[in-house]
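Asker:
There are 4 protein chains.
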Amino acid sequence: MTATYGTAQEATEHGTGDTTETTDAAVRGYTADKDAYLKRLSRIEGQVRGVARMVEEDKYCIDVLTQVAAINKALHAVSLGLLEEHISHCVVGAAQESEASGDATVVQEKVQEASAAIGRLLR
Amino acid sequence: MTATYGTAQEATEHGTGDTTETTDAAVRGYTADKDAYLKRLSRIEGQVRGVARMVEEDKYCIDVLTQVAAINKALHAVSLGLLEEHISHCVVGAAQESEASGDATVVQEKVQEASAAIGRLLR
Amino acid sequence: MTATYGTAQEATEHGTGDTTETTDAAVRGYTADKDAYLKRLSRIEGQVRGVARMVEEDKYCIDVLTQVAAINKALHAVSLGLLEEHISHCVVGAAQESEASGDATVVQEKVQEASAAIGRLLR
Amino acid sequence: MTATYGTAQEATEHGTGDTTETTDAAVRGYTADKDAYLKRLSRIEGQVRGVARMVEEDKYCIDVLTQVAAINKALHAVSLGLLEEHISHCVVGAAQESEASGDATVVQEKVQEASAAIGRLLR
Chain F
1 MTATYGTAQE ATEHGTGDTT ETTDAAVRGY TADKDAYLKR LSRIEGQVRG
51 VARMVEEDKY CIDVLTQVAA INKALHAVSL GLLEEHISHC VVGAAQESEA
101 SGDATVVQEK VQEASAAIGR LLR
Chain E
1 MTATYGTAQE ATEHGTGDTT ETTDAAVRGY TADKDAYLKR LSRIEGQVRG
51 VARMVEEDKY CIDVLTQVAA INKALHAVSL GLLEEHISHC VVGAAQESEA
101 SGDATVVQEK VQEASAAIGR LLR
Chain R
1 MTATYGTAQE ATEHGTGDTT ETTDAAVRGY TADKDAYLKR LSRIEGQVRG
51 VARMVEEDKY CIDVLTQVAA INKALHAVSL GLLEEHISHC VVGAAQESEA
101 SGDATVVQEK VQEASAAIGR LLR
Chain A
1 MTATYGTAQE ATEHGTGDTT ETTDAAVRGY TADKDAYLKR LSRIEGQVRG
51 VARMVEEDKY CIDVLTQVAA INKALHAVSL GLLEEHISHC VVGAAQESEA
101 SGDATVVQEK VQEASAAIGR LLR
């Protein structure tokens, strides 16, 4: 059990959602990259505003579409990052927990969550 | 040639981008729905801010992913609307123009723009 | 009205689907590239068989996934080609027909078909 | 370590690709559902042949597109199934192995493979 992949306790918390304020608030897989995610999302927000401005100024529809496609791509990169962190923290954490506890239920739960999230992205 | 599908002149302007005649500013296919597009984009901007807030508050990665997928879907709806308007205004306008002028070049140009835009969305 | 963009009559036939055998059977937009499409589809069929063989031989799941992604990409290229031809033949043909007849209904119909098809591809 | 989630040995084999021990051929995550996958792929192969037949018979482009979209959807379902099994077998197996060995390298490798595969599907 290493800090790198989170702890079994963390994995459980993710499932139940009880994030009772604790001193080690860093319970999420993406916390280490939190600033990077916030920066990316702020840039995406600016891109959306830019598209609104283009519509406001009656820019050519194809140019607007190109910008919308760029936003989609940026969001895909965010999704992929979050998914990778879900797998490397939540799934792996649950797997290691189950190894100790002998209960595989939590692992299946985390895997199915990942699978459902991927399915939503593919649609 | 009807107002519904734009005029040949409009179609040409789209290509060159010179929208200097400001009195008839309504040269874009999406202009009629401009307010609707701006409302939608403003809602999407709010959704992006909401995702940033979730990351800020260390929300569960899967819940963040669900919201990101919702933004992608909303952007797809915007893209689809813009594409439909490009086809029904720019392509159709160019087709009707070419019918009069006998020059099919502008039609091919508009069709290829549509096709390239669809390709960018599929990626 | 040129052979390049189909005839108004063709556009109408597309809508009703009555392909009563005629001497000029080349009524579809993709007919000129028919052999190219059949070759591509035959290659895709081979790719699907290849994936089945990989599963049969217990190949590594990630390698199977890579091949499935390649098939999806090949199908996207086919879809994009068909869409471009729908727009450049059916939509443009209907636009030119409506220019003569003054009836824009058929144009709207073709545009909406294109839009619905793009929507299905984005999902 | 349970049969349900594969063994650490399996996870290692996936990485190296040496599946020489043929008596226990059931080393892949999808092996249990192998017949189901083969049936699905055989149906997809038939769908591709059906699209070729539609092109051969000059069917309406939009109807061909609808069938191509259905194939894409069927392939997405296959991809999603394979991904879920990669995560629940290879990633989880590696996580449990690393718990015993203390070496997290193989876990990171499996997670990155999953992430790269998801990225290919999103494109």
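Protein chains in written order, with the UniProt record's numbering: chain F, 1 to 123; chain E, 1 to 123; chain R, 1 to 123; chain A, 1 to 123. For each residue, glycine too, the CB sits at the ideal point set by N, CA and C.
In chain E, what lies closer than 8 Å to R:GLN83 by C-beta?
Answerer: Note on residue identity: the sequence assigns Leu, not Gln, to residue 83 of chain R. Within chain E, the residues near R:LEU83 are SER115 and ILE118.
Asker: Can you tell which of F:GLN67, F:ASP35 and F:GLY93 has its C-alpha closest to the C-alpha of F:ARG53?
Answerer: Checking every option, the nearest Cα to that of F:ARG53 belongs to F:GLN67.
Asker: Going along the chain, which residues of its own chain have a beta-carbon closer than 8 Å to the beta-carbon of A:ASP33, five neighbours each way excluded?
Answerer: Annotation for A:ASP33: GLY81 and GLU85 place their beta carbon closer than 8 Å to its own, counting only its chain and skipping 5 residues before and after.
Asker: Going by the CB atoms, is the gap between F:ALA69 and F:ARG40 shorter than 8 Å?
Answerer: no
Asker: Does F:ILE71 come within less than 8 Å of chain A when only Cβ atoms are used?
Answerer: no
Asker: Could you tell me whether the Cβ of R:ALA95 comes closer than 8 Å to any Cβ of chain E?
Answerer: yes
Asker: Can at least three beta-carbon pairs, one atom from the stretch 102-118 of chain F and one from the stretch 85-94 of chain F, be found at a separation below 8 Å?
Answerer: Yes, the stretch 102-118 of chain F touches the stretch 85-94 of chain F.
Asker: Hey, is F:ILE62's beta-carbon within less than 8 Å of any beta-carbon in chain A?
Answerer: no
Asker: Tell me whether A:GLU56 sits in a helix, a strand or coil according to DSSP, three-state version.
Answerer: helix
Asker: If distances are taken between C-alpha atoms only, which option among F:GLN96, F:ARG123 and F:ASP58 comes closest to residue 132 of chain E?
Answerer: This structure does not reach residue 132 of chain E, given that chain E is present from 1 up to 123, and the question cannot be answered.
Asker: Output needed for F:ALA94: all residues of its chain with C-beta closer than 7 Å, excluding positions within five of it in sequence on either side, in chain order.
Answerer: Counting only Cβ-Cβ distances below 7 Å, and skipping sequence neighbours, we find ALA11, VAL106, VAL107 and LYS110.
Asker: If you follow the alpha helix (DSSP H) that F:ILE118 is in, where does it begin and where does it stop?
Answerer: Following the DSSP letters along the chain, one finds F:ILE118 inside the alpha helix (DSSP H) bounded by residues 105-122.
Asker: Alpha helix (DSSP H) containing A:ILE71: first to last residue?
Answerer: For A:ILE71, the enclosing alpha helix (DSSP H) covers residues 61-85.
Asker: Compare the C-beta of E:GLN108 against all C-beta atoms of chain F and say whether one is closer than 8 Å.
Answerer: no
Asker: Would a check of beta-carbon distances place A:LEU65 closer than 8 Å to chain F?
Answerer: no
Asker: Please report the residue range of the alpha helix (DSSP H) in which A:GLY93 lies.
Answerer: 92-101
Asker: Would you check if the distance between the CB atom of F:GLU56 and the CB atom of E:LEU38 is smaller than 8 Å?
Answerer: yes
Asker: DSSP state of R:TYR37, grouped into three classes?
Answerer: helix
Asker: Given a threshold of 16 other Cβ atoms within 10 Å of its Cβ, counted over all protein chains shown, does residue 174 of chain A qualify as buried or as exposed?
Answerer: Examination of residue 174 of chain A is not possible in this model, given that chain A is present from 1 through 123 alone.
Asker: Contact criterion: CB-CB distance below 8 Å. Does R:ASP103 meet it with respect to chain A?
Answerer: no
Asker: Do you know how far the Cα of A:GLY102 is from the Cα of R:LEU122?
Answerer: 44 Å
Asker: Roughly how many angstroms separate the alpha carbons of R:VAL64 and R:VAL51, rounded to a whole number?
Answerer: 6 Å
Asker: Counting only beta-carbon separations shorter than 8 Å, does A:VAL92 have a partner in chain F?
Answerer: Answer yes: the Cβ-Cβ gap between A:VAL92 and chain F drops below 8 Å somewhere.
Asker: What residues from the stretch 32-49 of chain R come within 8 Å of chain A, judged by C-beta to C-beta, listed N to C?
Answerer: LYS34, TYR37, LEU38, LEU41, SER42, ILE44, GLU45, VAL48 and ARG49
Asker: Taking buried to mean at least 16 other C-beta atoms within 10 Å of its own C-beta, is F:ALA100 buried or exposed?
Answerer: exposed
Asker: Can you tell which of A:LEU83, A:ALA36 and A:SER98 has its C-alpha closest to the C-alpha of F:GLY119?
Answerer: A:LEU83
Asker: Would A:SER42 be called buried (16 or more neighbouring beta carbons within 10 Å of its own) or exposed?
Answerer: exposed
Asker: Measure from the alpha carbon of residue 125 of chain A to the alpha carbon of each residue in F:ALA117, F:GLU97 and F:ALA77, then state which is nearest.
Answerer: Chain A is shown from 1 up to 123; residue 125 of chain A falls before or after that span and cannot be answered.
Asker: Please classify A:ALA36 as buried or exposed, where buried requires at least 16 neighbouring CB atoms within 10 angstroms.
Answerer: Exposed, since its Cβ has fewer than 16 Cβ neighbours within 10 Å.
Asker: What does a CB cutoff of less than 8 Å around E:GLN47 pick up in its chain, not counting 5 residues either side in sequence?
Answerer: Within its own chain, the residues whose Cβ lies closer than 8 Å to the Cβ of E:GLN47, once the five positions on either side in sequence are excluded, are GLN67, ALA70, ILE71 and ALA74, listed in chain order.
Asker: Starting from E:VAL78, find everything on chain R with Cβ-Cβ shorter than 8 Å and list it in chain order.
Answerer: Chain R residues near E:VAL78: none, gap ~11 Å exceeds 8 Å.
Asker: Using a C-beta cutoff of 8 Å, does F:LEU75 count as contacting chain A?
Answerer: Chain A contact via Cβ: absent.
Asker: Which residues in chain E have a C-beta closer than 8 Å to the C-beta of F:VAL55? List them in chain order.
Answerer: Against F:VAL55, the close residues of chain E are TYR30, LYS34, TYR37, LEU38 and LEU41, in the order they occur along the chain (beta-carbon pairs closer than 8 Å).
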